[in-house]
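Chains Z and G, in that order, are what the protein sequence lines are. Note that my numbering numbers the first sequence so that position 214 is 214, with each residue one more than the last. Each number in my numbering comes from the position in the second sequence (counting from 1) with 364 added on. No residue lacks a Cβ here, since even glycine has one placed at the ideal position from N, Cα and C.
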Amino acid sequence: MAFKEIELNMGPQHPSTHGVLRLKLRVDNEVVLGIEPVIGYLHRGMEKLWENLTYTQIVPLTDRLDYLAAVSNNFAFVLAVEKLMGLEIPQRGQYIRVILAELQRLASHLAWVGFMANDVGAMSVLLYSFEIREDILDIFESYAGGRLTVHGIRLGGVPFDLDGEIIAMIRKALADIPRKVRDIEGLLNENRIWKHRTEGVGIISAEQALELGLTGPALRASGIPWDMRKDVPYSSYQDFVFDVPVQSGSDVDDRYLVRMEEIRQSIRIVTQALDRLPPGEFLAKIPRSPKIPPGEVFHSIEAPKGELGFYIKSNGTDKPERVKMKSPSFINLQSLELMCKGNLFSDVVGILGSLDIVLGEIDK
Amino acid sequence: MTGKTLIFEFLIPVLKIIAVILYPMLMVIVMIWLERRVVAWIQGRIGPNRVGFQGVLQPIADALKLFFKEDIIQKNADKFLFNIAPVLVMFSTLLAFCFVPLGESFKIGTYTLNLWIADSPVGLLLVLGLSSIGVFGIIFGGWASNSKYPLMGALRSVVQILSYEIPIGLTVLTVVFFSRSIDLIEIVNRQFQAKIWFGFMLPVSFLVFWISGIAETNRAPFDLPEAESELVAGYHTEYSGMKFAFFYIAEYAHMVLVSSLVVILFFGGWLQPFPNVAFLSFLRWIPGFIWYLIKIMFFLYLYVWLRATLPRYRFDVLIKLVWKWLIPLSLVNLLAVAFLQYIL
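And the structure:
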């Protein structure tokens, strides 16, 4: 049957484009022929804005990039600045940073699995995963006061020490998470409908993934064990024992499996960091608004969504001359057309969900 | 005309007609409330509990809200079809309830009160036919909106409903083999005489019918025509106000209808369970209508349970499921039942 090819506009207001992404789809009945992401609906001119702010003022603004993983954004930016300053961070500060970043990874992955399941129609998983995420947000609230945009990491270390009360909270939450995550996996892992919706859908080969610069769980699901925490350790990640989960199927299901395993590995890291938390200072002595020596620097970390990097050019004042952000969501989104072509329209939401994009980070 | 004939010939039929409109509406209200509360309970939330006792009046508040909403017909829509679509969906579902018996007839003095409006010898055929007419409402609604998402939703639902009608027809035939009638009341009476409900005699038929029934009502996990994460709201995306409410109510009324059919065809309608067990004889005092309601509510609860648990099928898998599994299965089942019927 000849069906007229239609152009379908998905978003910017659409239940499953994860914010304000707009997709221009060309579909033949249900088959996707082409897909063009249109971005910029959440553009706030962050990079330009930062040129007029001091380094200490920029850090809380990075919260608003990937708003599901605020601490990771702080972490990446602060590490880049400290690299330029040549600043040594106290060991306790480094460990607390790792704890916060890994808790943030847990929160981000848990939110992801909820959204992902909701996109393919399993509505209850969203509520279950948010219930777990709630415990982690409570920890952030007791630690830094914020829940979503936490601002948990400062230049030179962390703003507060981890006291016994918060450590007890973290330990209690970590003890609960594996059981609750198993509940979610019980709903999805062996579910036939879930398998139909995810297995063999949105395949991207390892070569294609590398060519497009895919990072994070999406790359590891394509069989490449690249994890910045393991391969280019920063902030004492070399002290911890953990595995980098890899899958070789490179489909949506594998991205799901990788993230679920990463949740367990993050729990391992946080437990080790809490057990071996070194005593001493947690914040290096730096001026309130430090002048950064002139030069250029790039530093990237393994954020929940992939490799998050900041390029900073300093001219010797307390404000950067130029900041460029390498956001994982932006780069991962490029692979959408490759993954979706020839698949069914229903799969577009699943594949988009599996990439774990956040529009705050794409549009900056 | 004496007063007696006035009551029996005129007043009672009118009251029954009103009842047959009110009964599905009441069930819809109960169902919407039940769905929200049960889904909330499954998900560890509280759900609506502010309007009325435990939120029972919430569906009414929602209906009132929709009643006062602006009725939007966008410029490029085909006005006639756009307006008639919700009416068609609602009409076909409500009309089908005329043929659904709600309980055994009982005597008031000399008058026999039947808990059904029409005792048609082809009741089953009429109900199935009417529920298929609802498809036209969906096609008209999706197509007349002149918008892409509703069109895609309508296309999906046409293919889906037409495909799933086939296993429904084939499994209903197996019941007819045993009941030797397509009169819904007669089917229940046969189950009473046979002393076993057809659902236990024909488990395959029941399962196929029930799965197809869920697909026929566009409910999870077969809710593709209105898959919110893909098609926004499917065929009724462009509808607002009471017209949207019509689609919404019709969907829930259709669920009640399918559950009623499952109960009548496979689970003895208003018959009480275990009629021969002596120590359960006190169950006889519960009227048939209550048994019937309990059974319907059980199947409606399953609808909600499925919705809260399962992800949504993809379109190709959905069609594969019916053409590769359900239709062959129901065909084999039909032949097997026919063969057994011939031998016995």
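> Rounded C-beta distance between Ser-569(G) and Val-539(G)? I'm assuming under 8 angstroms.
Replying inline: 7 angstroms
> With 16 other CB atoms within 10 Å as the buried threshold, where does Ile-58(Z) fall?
Replying inline: buried
>> When you compare the CB positions of Trp-50(Z) and Val-358(Z), do they come within less than 8 angstroms of one another, or not?
In response: The Cβ atoms of Trp-50(Z) and Val-358(Z) do not sit closer than 8 angstroms to each other.
> Quick one: does Ala-173(Z) have its CB under 8 angstroms from some CB of chain G?
Replying inline: Residue-level contact by beta carbon fails for Ala-173(Z) and chain G, as no gap is shorter than 8 angstroms.
> Along chain Z, in chain order, which residues have C-beta atoms closer than 7 angstroms to that of Phe-679(G)?
Replying inline: From the beta-carbon of Phe-679(G), the residues of chain Z found nearer than 7 angstroms are Glu-30, Leu-344 and Ser-346.
>> Rounded to whole angstroms, what is the Cα-Cα separation between Met-260(Z) and Leu-666(G)?
In response: 30 angstroms
>> Determine, for Glu-131(Z), whether the minimum Cβ-Cβ distance to residues of chain G falls below 8 angstroms.
In response: Chain G, which has a Cβ nearer than 8 angstroms to the Cβ of Glu-131(Z), makes this yes.
> What number of angstroms, rounded off, separates the C-alpha of Arg-414(G) from the C-alpha of Leu-421(G)?
Replying inline: Using only the alpha carbons, I get a separation of about 9 angstroms.
>> Using CA atoms only, rank isn't needed, just tell me which of Asp-163(Z), Gln-265(Z), Phe-115(Z) and Phe-330(Z) is closest to Thr-215(Z).
In response: Phe-330(Z)
> In whole angstroms, what separates the C-alpha of Ile-650(G) from that of Leu-21(Z)?
Replying inline: 58 angstroms
> Which runs of the beta strand (DSSP E), 3 residues or longer, sit entirely within the segment 449-526 of chain G?
Replying inline: 470-472 and 475-477
>> Going by DSSP, what residue range makes up the beta strand (DSSP E) through Leu-8(Z)?
In response: Secondary structure note for Leu-8(Z): its beta strand (DSSP E) is the uninterrupted segment 6-10.
>> With H, G and I counted as helix, E and B as strand and the rest as coil, what does DSSP make of Pro-37(Z)?
In response: strand
> Which residues mark the beginning and the end of the beta strand (DSSP E) in which Phe-298(Z) is found?
Replying inline: 295-303
> Do Pro-514(G) and Thr-457(G) have their C-beta atoms within less than 8 angstroms of each other?
Replying inline: no
> Using the rule of at least 16 other Cβ atoms within 10 Å of the residue's Cβ for burial, across every protein chain shown, is Tyr-528(G) buried or exposed?
Replying inline: So Tyr-528(G) ends up on the buried side.
> Does DSSP put Ile-376(G) in a helix, in a strand, or in coil?
Replying inline: helix
> Looking only at its own chain, which residues have a Cβ that is under 8 angstroms from the Cβ of Pro-320(Z), when we skip the five neighbours before and after it?
Replying inline: Trp-50, Glu-51, Tyr-55, Ile-58, Ile-292, Ile-312, Lys-313 and Ser-314
> Is the Cβ of Thr-581(G) closer than 8 angstroms to any Cβ of chain Z?
Replying inline: Cβ-Cβ to chain Z under 8 angstroms: no for Thr-581(G).
>> Once the 5 residues before and after Leu-526(G) are set aside, which same chain residues still bring their CB inside 6 angstroms of it?
In response: none
>> What would DSSP say about Val-26(Z), mapped onto helix, strand or coil?
In response: It should be noted that the sequence gives Arg, not Val, for residue 26(Z). Three-state result, Arg-26(Z): strand.
>> Only counting the same chain, and skipping five residues up and downstream in sequence, which positions put a Cβ closer than 7 angstroms to that of Gly-114(Z)?
In response: Val-125, Leu-126, Ser-129 and Phe-130
>> Looking at chain G, is there any beta carbon in it that lies within less than 8 angstroms of the beta carbon of Asn-73(Z)?
In response: no
>> Would Pro-233(Z) pass as an interface residue toward chain G - the criterion being a Cβ-Cβ separation below 8 angstroms?
In response: no
> Is there at least one Cβ from chain Z nearer than 8 angstroms to Val-522(G)'s Cβ?
Replying inline: no
>> Can you confirm whether Lys-512(G), when its beta carbon is compared against all beta carbons of chain C, has any partner nearer than 8 angstroms?
In response: In summary, chain C is missing from the structure at hand, where the protein chains are Z and G.
> Beta-carbon separation of Val-98(Z) and Ser-235(Z) under 8 angstroms?
Replying inline: It is a contact, given that the beta carbons lie within the stated cut-off.
> Using Cβ-Cβ distances below 7 angstroms, what residues of the segment 406-425 of chain G are close to chain Z?
Replying inline: Ile-406, Gln-407, Gly-408 and Arg-409
> Taking just the CA atoms, how far does Ala-122(Z) sit from Trp-669(G)?
Replying inline: 12 angstroms
> If you draw a straight line from the alpha carbon of Asp-161(Z) to that of Ile-96(Z), how long is it in whole angstroms?
Replying inline: 8 angstroms
>> Less than 7 angstroms between C-beta atoms, sequence neighbours within five positions excluded: which residues of the same chain meet that for Ile-385(G)?
In response: Leu-458
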